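Trainee:
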Amino acid sequence: MFFILSKTLGTMLLPTNLLIGVGVVGAVLLLTRFARVGRKLVITSVLLLVVCGLSPLGTLLLYPLEQRFPPWDSARGAPDGIIVLGASIEADLSAAHGTPVVRGAPDRIISAAALALRYPNAHVVFSGGSANVISNDAREADFAGAIFESLGVAKSRLIMERASRNTVENAQFSKALVAPKDGERWLLVTSAFHMPRSIGLFRKAGFAVEPYPVDWRVGDLLSFTNVATDGLGRTDLAVREWMGLIAYRATGKIDDLLPGPAPK
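All letters in the sequence shown, in the order written, are residues 897 to 1160 by our numbering.
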């Protein structure tokens, strides 16, 4: 139920979808005796879409997420394993065209492959199934191996976790798959904005991992954009992540609203 709600209600509440919905309701009301309310809804939705699309709002919301964890310190030596979370590969498109199709967050795979080449004794786990509410046979993990191999990572080092549908299951299924031993060091590779929620869920699963944030989206903190889709995308991304943190904290899936670095 939590998964279904996150993919339905959560999607409906994203700023772009919500504001378009408000605008449509307002436009319909213009044809009724509630035209005054309709005009207010249409104007409000348009103005807020402009703010979300052209202002630094999305960047400001992403900033505290991305800055929560510092870059990984390699001074402690080589890790025993590397876990990279999915959301980079479009499994349905990959299945349709018979080749891996990467559309979002490619840094996750590229950085994990670079780490694998730097630390040749580390195991590499790719955790990614299908996030579709109505699932089919296409899974991210089914296509990730070919990308890693093309980047020079031997197939014998790869472990594919293809059952997970969200970050909760990424943590639970990865732990069950690798059964980490005491004293082992595992890196977690995911987008910087996604790292707080991911770390919180891995901690809750009892899997101690070291954050390796990649795929930053924030540069100039107060920059405006002249491409509305860029700003809307950042705002939706940030709001989705904050909604996830709030929902996971409220349901006890993480212990802190904004998980941070482990105390030394």
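In this text, a Cβ means the ideal position worked out from N, Cα and C, and glycines have one as well.
Computed from a predicted model, the values in this text were never measured in an experiment.
Among Thr-912, Ile-1055 and Pro-1002, whose alpha-carbon lies nearest the alpha-carbon of Leu-943?
Mentor: Closest by alpha carbon: Thr-912.
Trainee: Taking 7 Å as the cut-off, decide whether the C-beta atoms of Met-1091 and Pro-1109 are in contact.
Mentor: Yes, these two residues count as a Cβ contact at 7 Å.
Trainee: Can you tell me where the alpha helix (DSSP H) holding Leu-958 begins and where it ends?
Mentor: Unbroken alpha helix (DSSP H) run through Leu-958: 953-962.
Trainee: Taking Cβ positions, are Phe-1022 and Ser-990 nearer each other than 7 Å?
Mentor: Contact: no.
Trainee: Start and end of the beta strand (DSSP E) containing Ser-941?
Mentor: Counting along the chain, Ser-941 falls outside any beta strand (DSSP E), though it belongs to the alpha helix (DSSP H) covering 931-950.
Trainee: Throw me the rounded Cβ distance for the Gly-977 and Val-1074 pair, which I believe falls under 8 Å.
Mentor: Confirmed, about 6 Å.
Trainee: Take every Cβ of the stretch 1113-1125, pair it with every Cβ of the stretch 1005-1022, and state whether three or more of those distances are shorter than 8 Å.
Mentor: Because the criterion of three Cβ pairs below 8 Å is not met, the stretch 1113-1125 and the stretch 1005-1022 do not touch.
Trainee: Got a sec, what are the start and stop residues for the beta strand (DSSP E) Gly-977 sits in?
Mentor: Start and end: 977-981.
Trainee: From Val-920 to Asp-1132, what distance separates their C-alpha atoms?
Mentor: Rounded to the nearest angstrom, the two C-alpha atoms are 19 Å apart.
Trainee: Excluding the 5 residues preceding and the 5 following Ile-1150 in the sequence, name in chain order all residues of the same chain whose CB lies nearer than 8 Å to its CB.
Mentor: These residues qualify, in order along the chain: Arg-1093, Gly-1096, Leu-1097, Arg-1099, Lys-1100, Leu-1141 and Tyr-1144.
Trainee: Can you tell me which residues form a DSSP beta bridge with Phe-1098?
Mentor: Partner(s): none; Phe-1098 has no beta bridge.
Trainee: Name the two residues that bound the continuous alpha helix (DSSP H) containing Thr-1125.
Mentor: Note, Thr-1125: alpha helix (DSSP H), 1124-1146.
Trainee: What separation, rounded to the nearest whole angstrom, lies between the Cα atoms of Ala-931 and Gly-922?
Mentor: Near 8 Å, if we compare the C-alpha coordinates of Gly-922 and Ala-931.
Trainee: Buried or exposed: Pro-904, going by 16 or more other Cβ atoms within 10 Å of its Cβ?
Mentor: Note that residue 904 corresponds to Thr in the displayed sequence, not to Pro. Flag for Thr-904 reads exposed.
Trainee: Counting along the chain, where does the alpha helix (DSSP H) carrying Thr-1086 start and finish?
Mentor: Note, Thr-1086: premise wrong, no alpha helix (DSSP H); beta strand (DSSP E) at 1082-1087.
Trainee: With a CB to CB cut of under 7 Å and the five nearest residues on each side skipped, what residues in its chain are close to Arg-1053?
Mentor: Contacts found: Ala-1012, His-1019 and Val-1020.
Trainee: Below 8 Å on the Cβ atoms is my contact criterion, and I expect Ser-984 with Gly-994 to pass it. Report the Cβ-Cβ distance as a whole number of Å.
Mentor: So it is not a contact: roughly 18 Å between Cβ atoms.
Trainee: Helix, strand or coil: which one does DSSP assign to Glu-986?
Mentor: Coil, per DSSP.
Trainee: Taking DSSP as the reference, what is the three-state secondary structure of Leu-927?
Mentor: In the structure shown, Leu-927 sits in coil (DSSP, three-state: anything other than H, G, I, E or B).
Trainee: Determine the DSSP secondary structure at Ser-1007, reduced to helix, strand or coil.
Mentor: Helix at Ser-1007.
Trainee: For Asn-1066, does the count of other Cβ atoms within 10 angstroms reach 16, so buried, or fall short, so exposed?
Mentor: Burial call: buried.
Trainee: What is the residue span of the beta strand (DSSP E) that Ser-1023 lies within?
Mentor: Taken as a continuous stretch (DSSP letters only), the beta strand (DSSP E) holding Ser-1023 covers 1019-1023.
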